[in-house]
Amino acid sequence: LRAGEPAMIILANKATRGTALALAGKVAAATGARLGSQFFTARIERGAGRTPLERIPYSVAPALAFLKDIKHLITVETSEPVAFFSYPDQPSLLKNPEALVHPLVEADEDSALAFEMLLDALGAAGTAPLVQQRIETAAPSGALNPLSIAHALASAIPENAIVVDESLTTGRETMGHTLGARPHDMINNMGGSIGYSPPVATGAALACPDRRTFCMVGDGSAMYTIQALWTQAREGLPITTIVFANNSYAILKAEYANMGAGKSTGSGPGPQALSMIDIDNPRIDWQAMAKSMGVPAVAVETAEDFTQAMINSTRESGPVLIEVKL
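Quick note on the working numbering: the sequence shown kicks off at 5 and runs consecutively.
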């Protein structure tokens with residue numbers, strides 16, 4: 005850090021919230037090091053007034069571009085970034101080949117104490133932390149796409165909300181555009197399973213009934229654990245479930261392409277393979293599904309309607325489902 009070469013401190017586990025996160029903000033302010041998080045991080049306290057973290061991209065090429073100038077990776081309760089799968093003809097380690105990795109804190113160690121010791125060693129204990137300013141995002145208009153969805157969320161997320169994000173292909177741009185939103189907690193899946201978010205949102209709302217929980221989920225994922233809606237209705241939980249309905253397991257199609265499936269013929273996966281990851285025949289009626297379990301539902305097709313539906317949901321005491329038609 006004293007050398008002044010480009011460095012990134014990658015935080016995970018307990019280091020992405022509370023005292024440890026604020027102390028990491030002091031280190032960043034004192035040294036110019038960037039602060040990052042793995043693409044999959046269990047929980048992050050983020051938004052206005054908190055120390056911001058840059059999210060390392062999921063896909064190999066964007067991740068390599070993101071980290072290409074970093075000479076030093078300092079890991080805190082995590083390891084160096086690696087690709088999610090072993091992709092053909094692509095590296096598994098997501099870093100500049102000349103970058104050095106410096107483990108600072110292991111997963112079972114005290115990050116706050118480590119940052120306090122580091123600040124003392126740097127003579128920077130009195131440094132003011134790096135803090136994210138509030139960014140007022142105007143409500144978007146027009147078509148629904150990853151960017152307008154991210155702007156709608158940035159505009160509508162209420163203060164102290166809990167956001168459980170399993171939006172997969174649709175939500176890839178959400179993290180960057182909600183950095184300056186009202187303060188909130190972001191909860192992510194840590195593995196490759198799908199169907200994670202509805203039951204986790206249910207648990208979060210049971211633990212924190214005084215906070216609104218937003219559950220962002222793809223339609224393919226939601227089908228695995230949709231029965232969580234019934235529990236939410238029975239318990240009257242303050243949850244807004246947002247189903248991004250593209251009628252497909254789009255994440256699996258993307259991984260087909262990443263793995264080079266069908267590359268030799270140039271045709272991609274065949275119709276039989278694709279039929280296993282499409283959920284368009286029959287098409288799911290998400291409003292009927294929600295209402296059958298006692299959850300009011302609405303469908304939206306524009307950015308304006310999506311933003312308003314989220315705002316309306318925060319005025320309800322119980323669960324609501326919003327189908328985002330893509």
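Glycine included, every Cβ here is placed at the ideal spot set by N, Cα and C.
Taking residue i as part of the beta strand (DSSP E), name the residues at either end of that continuous run.
| i | result |
| --- | --- |
| Pro-107 | 104-109 |
| Phe-218 | 217-222 |
| Phe-248 | 243-249 |
| Leu-77 | 76-80 |
| Ala-7 | First-last for Ala-7: undefined, no H or E at that position. |
| Glu-170 | 165-170 |
| Leu-39 | 38-41 |
| Leu-325 | 324-329 |
Quick check: is the beta carbon of residue i nearer than 8 angstroms to any beta carbon in chain C?
| i | result |
| --- | --- |
| Ala-307 | Judged by its chain identifiers, the structure shown contains no chain C, having just a single protein chain. |
Check this for me: beta carbons of residue i and residue j, under 8 angstroms apart or not?
| i | j | result |
| --- | --- | --- |
| Ser-159 | Thr-141 | yes |
| Thr-318 | Arg-216 | yes |
| Thr-244 | Met-314 | yes |
| Thr-45 | Thr-20 | yes |
| Leu-104 | Lys-75 | yes |
| Val-221 | Ile-191 | no |
| Leu-25 | Glu-58 | no |
| Ala-52 | Arg-186 | yes |
| Ala-37 | Ala-11 | yes |
| Ala-226 | Pro-202 | yes |
| Pro-61 | Phe-43 | yes |
| His-106 | Ile-139 | no |
| Ala-209 | Pro-242 | yes |
| Val-204 | Glu-327 | no |
| Asp-223 | Ala-249 | yes |
| Ala-303 | Lys-329 | yes |
What are the start and end residues of the alpha helix (DSSP H) that includes residue i?
| i | result |
| --- | --- |
| Ile-153 | 150-160 |
| Met-293 | 290-296 |
| Leu-25 | 22-35 |
| Asp-309 | 307-317 |
| Met-190 | Note, Met-190: premise wrong, no alpha helix (DSSP H); beta strand (DSSP E) at 188-192. |
| Gly-207 | 201-211 |
| Val-64 | 64-71 |
| Ala-232 | 232-239 |
| Ala-301 | It is not in any alpha helix (DSSP H) - Ala-301 instead sits in the beta strand (DSSP E) that spans 301-304. |
| Met-179 | 178-181 |
| Pro-275 | 275-279 |
Using the Cα positions of residue i and residue j, report the straight-line distance between them to the nearest angstrom.
| i | j | result |
| --- | --- | --- |
| Gly-184 | Gln-276 | 44 angstroms |
| Ala-132 | Lys-30 | 6 angstroms |
| Arg-287 | Cys-219 | 21 angstroms |
| Gly-170 | Ala-118 | The amino acid at residue 170 is misidentified as Gly; the sequence shows Glu. Their backbone Cα atoms lie some 32 angstroms apart in a straight line. |
| Thr-174 | His-155 | 13 angstroms |
| Glu-305 | Ser-96 | 38 angstroms |
| Ile-153 | Trp-290 | 19 angstroms |
| Gln-4 | Leu-39 | Residue 4 cannot be examined here, being either before or after the span of the chain that is shown, 5 to 330. |
| Asn-149 | Glu-120 | 43 angstroms |
By Cβ distance, which residues of its chain are closer than 6 angstroms to residue i, with the 5 residues on each side in sequence left out?
| i | result |
| --- | --- |
| Gln-231 | none |
| Gly-146 | Ala-307 |
| Leu-325 | Thr-245, Ala-294, Val-299, Ala-301 |
| Thr-182 | Leu-157, Ala-158 |
| Glu-239 | none |
| Ile-166 | Asp-189, Ala-208, Arg-215, Thr-217 |
| Pro-56 | Gln-136, Leu-183 |
Just to confirm my understanding: we take residue i, look at its own chain, exclude 5 residues before and 5 after, and list those with CB closer than 8 angstroms. What are they?
| i | result |
| --- | --- |
| Arg-47 | Thr-20, Arg-21, Asp-189, Met-190, Ile-191, Asn-192 |
| Leu-123 | Leu-27, Lys-30, Val-31, Ala-34, Ala-129, Thr-131 |
| Lys-18 | Ala-24, Glu-81, Ser-115 |
| Leu-71 | Met-12, Ile-60, Leu-77, Pro-85, Leu-98, Lys-99, Asn-100, Ala-103 |
| Leu-126 | Leu-5, Arg-6, Val-31, Ala-34, Thr-35 |
Can you give me the Cβ contacts of residue i inside the same chain, cut-off strictly under 7 angstroms, excluding the 5 residues immediately before and after it?
| i | result |
| --- | --- |
| Tyr-91 | Val-64, Asn-262, Met-263 |
| Ile-281 | Ser-252, Tyr-253, Leu-256, Lys-257 |
| Leu-68 | Leu-98 |
| Met-297 | Leu-233, Trp-234, Ala-237 |
| Met-194 | Phe-44, Ala-46 |
Quick one: does the C-beta of residue i sit closer than 7 angstroms to a heavy atom of the ligand SAM?
| i | result |
| --- | --- |
| Arg-186 | No copy of the ligand SAM occurs in the structure displayed, which carries no ligand at all. |
Q | Start-end ranges of the alpha helix (DSSP H) lying completely within the stretch 85-150, minimum 4 residues | A | 115-126
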